[in-house]
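Chains as they are written, first to last, in the working numbering: chain S, 1 to 352; chain C, 1001 to 1352; chain R, 2001 to 2352; chain F, 3001 to 3352.
We put the CB at the ideal spot given by N, CA and C, even for glycine.
As the structure is a computational prediction, the values presented were derived from the model and not from experiment.
As structure tokens, the structure follows; a few thoughts come after it.
Number of protein chains: 4
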Amino acid sequence: MRGFGMHSVDNVGWLEKERPTIGPLDALVRPTIVAPCSSDTHVAHGGSGPKQNLILGHEAVGIVEEVGSEVTRFKPGELVAVPCVTPNWLSRGIQNFRSFSHDRGPSGSFKFVGQKDGVWGECFHVNQADPNLAHIPPDVAPEAALMTVDMMSTGFHGVELADIGIGEKVVVIGIGPVGLMAIAGAALRGASQIIAVGTRPAASRVAVAYGATEVISYKDGPLEQQVWDRTSGKGAHKVIVAGGDAATFAAAVRMTRPNGVISNVNFFDVNDAIHIAPLDWGLGMADKDIRGSFCPGGGKRVQRLINMIQYKRIDPMALISHRFHGFDKLPEAFELMDSKAPDLIKPIVYMD
Amino acid sequence: MRGFGMHSVDNVGWLEKERPTIGPLDALVRPTIVAPCSSDTHVAHGGSGPKQNLILGHEAVGIVEEVGSEVTRFKPGELVAVPCVTPNWLSRGIQNFRSFSHDRGPSGSFKFVGQKDGVWGECFHVNQADPNLAHIPPDVAPEAALMTVDMMSTGFHGVELADIGIGEKVVVIGIGPVGLMAIAGAALRGASQIIAVGTRPAASRVAVAYGATEVISYKDGPLEQQVWDRTSGKGAHKVIVAGGDAATFAAAVRMTRPNGVISNVNFFDVNDAIHIAPLDWGLGMADKDIRGSFCPGGGKRVQRLINMIQYKRIDPMALISHRFHGFDKLPEAFELMDSKAPDLIKPIVYMD
Amino acid sequence: MRGFGMHSVDNVGWLEKERPTIGPLDALVRPTIVAPCSSDTHVAHGGSGPKQNLILGHEAVGIVEEVGSEVTRFKPGELVAVPCVTPNWLSRGIQNFRSFSHDRGPSGSFKFVGQKDGVWGECFHVNQADPNLAHIPPDVAPEAALMTVDMMSTGFHGVELADIGIGEKVVVIGIGPVGLMAIAGAALRGASQIIAVGTRPAASRVAVAYGATEVISYKDGPLEQQVWDRTSGKGAHKVIVAGGDAATFAAAVRMTRPNGVISNVNFFDVNDAIHIAPLDWGLGMADKDIRGSFCPGGGKRVQRLINMIQYKRIDPMALISHRFHGFDKLPEAFELMDSKAPDLIKPIVYMD
Amino acid sequence: MRGFGMHSVDNVGWLEKERPTIGPLDALVRPTIVAPCSSDTHVAHGGSGPKQNLILGHEAVGIVEEVGSEVTRFKPGELVAVPCVTPNWLSRGIQNFRSFSHDRGPSGSFKFVGQKDGVWGECFHVNQADPNLAHIPPDVAPEAALMTVDMMSTGFHGVELADIGIGEKVVVIGIGPVGLMAIAGAALRGASQIIAVGTRPAASRVAVAYGATEVISYKDGPLEQQVWDRTSGKGAHKVIVAGGDAATFAAAVRMTRPNGVISNVNFFDVNDAIHIAPLDWGLGMADKDIRGSFCPGGGKRVQRLINMIQYKRIDPMALISHRFHGFDKLPEAFELMDSKAPDLIKPIVYMD
């Protein structure tokens, strides 16, 4: 079958691969809409090592084509959202109460692109369909459901990790789609002031629509100073990092109050070492928690996020800035993501 | 000075009392707007024992008249919101991390009406002004700030206690002002479906405006059955009890899923014993937590709630159904609260 | 194959049943040591409904006889501890962060005796061996490992649920094996004073050995009064209920301080309704949490408990009061458990 | 009155100062036993800025000499333990549920040495005696109580912050008195394996006595490698940092498993920047929480720790390696601490 991916590092293109086979717990899904993500371009450029002959993509909704003999909740023909993280629930690594993300080793629950072909093929393999897929009800647009599988789940997770209390003041660094969902999520968890950090005009408008009370820019001076100025000199209770580099991260620590949390859902570059000045971290004693996690996995998570759309608590459609029609447009969508056009938030590709 | 309160049980009227004196940490406040609460009528009818010669009222905003020698954050002439719960922060009882409500014994942090005269006088005493008062900024309506001191704080606390996860399904029992704030709070913490329980048409409309997806009534059959019917037979993840009696409470336990929480912010009648059938509680093993608390105290809490109004995350004005003008209208407002008129949600009295 | 169980309610005896067959994820285990539990006698007397032709028993260590094609962590011949709760990890019910006990409906993760034959047969079926079994290392006595699968896991869970802070004062109601493990667990989590409630002399001695600072008896007056007397009139921070009936439970609520927890790991009789007087529960507002759960499931849990033995943090051998040798002694051991001999704590049966 | 402290940076000696005066909430205490701490030498060498004419010392037990007019729990002549952290409970900064340590700004609740003279004088000032002091009961040795005010409170706090689950594997870096108490605390919270990191023979013996299962040294290779070797290649669930520098801290992050916690209670040098390599922190997504806090304040905390001694859950006396008799021996004790003699753990000075 045909798929779009990487021949090798910095060399993307069409691949011809065997159609995947499934085990008794698994499913085969035909993607109907997919969304390129900056992680895909990151991988294509070697960000997770020298991968070869790999179909890319990890955000998809689609139609179940085939299910294994033990699958009971899903059957062929059903429309499903596919979480980008699909844990092996039989692994010991998920038997703790902090996250299901690390089934075997760090980020082990991330299968697509990470451990096998991604979703940009004629069809793709889903491990453990019963716990890992989610139905899309008729009153939820598939495009909206597509936004839950990574963007909303990751952005909201930054918020959950930050443990926001009602009325707290929150900074969200980054106004890409994950940052925008973190803004929406912060509002949804009861933040009062929400300061977004970013520069792109289109995304800034969406940030405000999702609940940012103001948008500040790296260009107008040190971020921590701007945050102090806007919070009576006290800083933020919680800072969610959904973009930037190690320097931004250091600023995030600096702008956080004692008893605060710096919550990272950003993918760190392997060469970008984190550096924290002791005074910024209260000499190690200021109760500024530093946390970092990624998109929680599993079907129930995505089902609940779909419920949020269904009950009109959030509309993620404002994330979608570009639409492509046809499987053949994948290279173009990928290129758009890779070049980070100024008006880009999130592109989607209708596969049919 | 003059105040409205109870001569004795079931005997309310105007009282003449000494103007309170303050210690070095305290303040004297002149109320400008007050709001009668069902707790006031409850006390007047002997619900907290045979009290005598007691000024009632515990919800007020007002002007600081006088402060003690050690007070640094507040000064005469400032407009303040007065939390209905004002802990003694020097008490050992607050040195734990679960709540500040029980400074000495259960509910010890509730001073007005509970341990001294309430706020329906020409002025009233506030213990420990610095930690216990909150400024009202110019861009927040005093009436809105008044709604934070008990109604919003208590309703939101029911939500906090319920520990709502994003996308969870929540039932709120009771659509009085606390229940309505619990509905708004559940939406604000990321609930998807919110089923309100109540019968009054005016309050039902406000419930929907604050985020209830549906309103069900005791009159249409057993509550748990209605909830099961609306949640695919599974029940609610979390139930907030902001009204009803022991029978309603039993239904609340019944309609909650395993791993759920029943969160009570309702004042139980001393004669209304709680009964839980073992099967309803999973024979004691279903991880259905039963929690009960009341309005958290302190100035920071109310300040954060005022911030929620300031940043337009919530507008509590829809709670106010009746307005009275003049100190002399207190008896009328009290009577309205006591008779629970069908269109009543919350009355307020402008004292000038 | 032969097994000991119930023909019908109140009618136990030897059963002849088919040897179980296993699926690709499962294992077949031959028990080498088993321990009767009061839950077994409870079920035999109809406590969980009119069951028939059911092999009893849910506490076992044994030798793996056979594993399914997908099992990778265990192989025939290995000595394993078998958690009494073995969740279906592919179920959606475990995808929350509060407990893994309710895979489908309340207590759904309890399979032995609850949903299929128990462990008192020549061999027994274990669902999902990889996540659900635990190896017993050579330096841990199999008898000690046997104590982890229910008694230690359940008793410690009562402690975990109670969320004990360092230095808190704890009451443990019941000094059966679960209560004794709750005492040991409370000491292991940093309780200061630990008041045990029970009457049996043998168990009382073990209670003190495991860390109880005193043992009080129902016979010496109301429990809450005795607890108040021993805690400067303040009551316990946390109460763990591992025995008793609804009356005891009411006393537990009464003796708990505000901001406390009543943690139940006791199996409630279906006819024994819980009754809480409002004043005992602070009129619903005293922040006295009431929680009830049961033995957490899964192989990692039991592995960690075995580690506790291995690193000499706890020695559960003092629980074992009676030893029987030979499969044929099962009826005798069952009878001993059923009659609750005064010197009984926990019997075990060596199957060979 | 006379006191021992710093004339200026690197210049310690006897000072003559005014006897402190107290406000209505405060107390004056005459120290009977004090304990020098490495923080005192750190301050003396300018570690917290160019302080002058400052009496040092923050660990003391003593006799109440005088109390303010509003103090009710304590009276002259009583023997008390004085927490090294004494929050201003009237500050807004303590009205959150994460810690009481930062009443105004980071570490604001640390008054002795930090904001006023310390305890090495003829007497010293205690702010807010009622919430901040703790009685020493007759059955607890004053020397043992002295160990609670900082060493036990801080060490145990490292453990609390690490949020240890029963059976988890823990590393404690540093076997100074705080590290030793972290070891004892980890055992007391249910850790299984406890790997201590340190080199001093005397302290190593105490580490084992308090529950370390092994002691490893910086000299035997990279710490993370040694930890991996001793934990089947998996690393520790939780790491408590009670010593070392930024390089050690980086190793701590490295040796922690996904879903783990690095809990810091070490005072970072202002010049020793924290560096974390992205891969060590799972590229920001491995759920390895980094937390840093310091000794929790308040009288209830210390009272509970004293209860731990009273109920024989812990005996901190093994920390005391050196005893000095007489106020005049303070310089000698200080010098011992400053020079870090090989057999030093903790010196104390009897003031009479």
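- Counting along the chain, proline 2142/R sits inside no beta strand (DSSP E); it lies in the alpha helix (DSSP H) bounded by residues 2142 to 2147.
- The Cβ atoms of alanine 1027/C and glutamate 1059/C lie no closer than 8 Å to each other.
- Beta-bridge partners assigned by DSSP to tryptophan 1014/C: Phe1004/C.
- Under the DSSP assignment, leucine 305/S falls in the alpha helix (DSSP H) whose first and last residues are 299 to 310.
- Here the C-alpha atom of valine 3080/F lies approximately 25 Å from the C-alpha atom of serine 3293/F.
- Beta bridge pairing from DSSP links glutamate 66/S with Leu28/S.
- Against chain F, a Cβ distance below 9 Å from threonine 2154/R picks out nothing, because the smallest value is about 13 Å.
- Shown here, threonine 2041/R sits in a helix according to DSSP, grouped into three states.
- The C-beta of lysine 75/S has fewer than 16 other C-beta atoms within 10 Å across all chains shown, which makes the residue exposed.
- The beta carbon of methionine 317/S sits no closer than 8 Å to any beta carbon of chain F.
- Cβ-Cβ distances below 7 Å link methionine 2152/R to Met2181, Leu2305, Pro2316 in the same chain, with the five nearest sequence neighbours on each side left out; the list follows chain order.
- Going by DSSP, asparagine 1132/C is part of the alpha helix (DSSP H) stretching over 1129 to 1132.
- Fewer than three beta-carbon pairs drawn from the stretch 269 to 280 of chain S and the stretch 100 to 110 of chain S are found closer than 8 Å, and the two stretches are therefore not classed as touching.
- Distance from the CA of proline 258/S to the CA of aspartate 287/S, rounded to the nearest whole angstrom, comes to 5 Å.
- When DSSP states are grouped into helix, strand and coil, histidine 157/S belongs to the helix group.
- Valine 2082/R places its beta carbon less than 8 Å from that of valine 2119/R.
- Within the same chain, Pro316, Leu319 come within 6 Å of methionine 147/S by CB-CB distance, once the 5 residues on both sides are set aside.
- According to the DSSP assignment, serine 204/S belongs to the alpha helix (DSSP H) that extends over 201 to 209.
- Leucine 2344/R carries a coil assignment under DSSP once its states are collapsed to helix, strand and coil.
- With respect to histidine 1125/C, proline 1020/C sits close: the two C-beta atoms are nearer than 8 Å.
- Per DSSP, leucine 180/S is one residue of the alpha helix (DSSP H) stretching across 177 to 188.
- Rounded to the nearest whole angstrom, the C-alpha separation of isoleucine 3022/F and serine 3039/F is 26 Å.
- Going by DSSP, phenylalanine 3324/F is part of the beta strand (DSSP E) stretching over 3320 to 3325.
- Look at isoleucine 3274/F: its C-beta is under 8 Å from a C-beta on chain S.
- Going by C-alpha positions, proline 3050/F is about 17 Å away from leucine 283/S.
- Rounded to the nearest whole angstrom, the C-alpha separation of phenylalanine 3097/F and phenylalanine 1097/C is 5 Å.
- One Cα belongs to proline 3331/F, the other to glycine 3013/F, and the distance between them is close to 7 Å.
- Chain C has no Cβ within less than 8 Å of the Cβ of methionine 151/S.
- Not one beta carbon of chain R lies nearer than 8 Å to the beta carbon of arginine 3205/F.
- The C-beta of lysine 300/S has 16 or more other C-beta atoms within 10 Å across all chains shown, which makes the residue buried.
- Leaving aside the five residues that flank valine 1043/C on each side, the residues in its chain whose CB is nearer than 6 Å to its CB run, in chain order, Val1113.
- Comparing C-alpha distances from glutamate 168/S to each of Ala187/S, Gly158/S, Phe156/S shows the shortest one belongs to Ala187/S.
- Residue environment: asparagine 3053/F is assigned as exposed (fewer than 16 neighbouring CB atoms within 10 Å of its CB, all protein chains considered).
- With respect to methionine 2351/R, proline 2031/R sits close: the two C-beta atoms are nearer than 8 Å.
- Excluding five sequence positions before and after isoleucine 1345/C, the CB atoms of its chain that fall closer than 6 Å to its own CB belong to Pro1177, Ala1203, Leu1319, Ser1321, given in chain order.
- Not a single C-beta of chain F is nearer than 8 Å to the C-beta of tryptophan 89/S.
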